[in-house]
Structures are given as structure tokens and as C-alpha cells.
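In our numbering, the protein residues as written are 277 to 359. One structure is given here, and the rest of the page talks about it.
What follows is the structure in C-alpha cells.
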């Protein structure tokens with residue numbers, strides 16, 4: 277499992293926007309094996325906690341789209357106070 281931030285032309289798309297990507301090619305959540313699903317879920321939880329603890333996010337949105345890239349990757353987007 278890879279973790280990275282989203283950028284456009286070398287600039288962050290949104291403060292704290294993180295993408296979690298599976299090493300093996302799978303098109304959707306249901307295509308992961310048990311070990312991949314465990315690792316994926318654990319990393320989602322740890323990264324969400326880090327955004328809350330370190331960046332003071334008050335909520336973390338998570339989503340999978342798969343519209344333009346047929347490979348599983350999860351987006352984590354923090355919501356900050358007063359936004």
C-alpha cells in the first residue's frame with residue numbers, strides 16, 4: 277500500500293488531501309484479498325488519526341471514485357474548523 281499527497285503541477289490540491297493506493301492492480305474495494313483489505317483499512321485509520329492530531333482536522337472525508345483511473349485508490353480529505 278502506498279500513501280501520497282495529491283498535487284497539480286507540483287502544488288498541493290488541498291491541505292492534507294491524501295491518496296492511499298494499493299500496490300497490486302485491483303479495480304475496486306471488493307477485489308482486494310483479506311491481507312490487502314486489512315492493511316488498507318489500517319492505513320486509512322492511521323492517516324485519518326494523523327490528520328486530526330497533527331493538522332487539527334475536525335472530520336475526514338474518504339471516497340473512492342474510479343472514474344478516470346480503473347485502479348483502486350482511496351482519497352482522504354480533511355475538513356478543518358470554520359470551513
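Glycine residues also receive a C-beta, built at the ideal position from the N, C-alpha and C atoms. All values derive from a computational prediction rather than experimental measurement.
Test item: CB-CB of residue i and residue j under 7 Å
i: residue 295; j: residue 351; result: yes
i: residue 301; j: residue 353; result: no
Outcome for residue i when other beta-carbon atoms lying within 10 angstroms are tallied against a minimum of 16
i: residue 333; result: buried
i: residue 291; result: exposed
Between the CA atoms of residue j and residue i - distance to the nearest angstrom
i: residue 304; j: residue 341; result: 9 Å
i: residue 312; j: residue 306; result: 11 Å
i: residue 314; j: residue 349; result: 15 Å
i: residue 299; j: residue 338; result: 19 Å
i: residue 358; j: residue 289; result: 19 Å
i: residue 345; j: residue 279; result: 17 Å
CB-CB length for residue i against residue j, believed under 8 Å
i: residue 328; j: residue 336; result: 7 Å
i: residue 316; j: residue 323; result: With 8 Å as the limit, residue 316 and residue 323 do not qualify as a contact, their Cβ atoms being about 11 Å apart.
Beta-bridge partners of residue i, as assigned by DSSP
i: residue 353; result: 337
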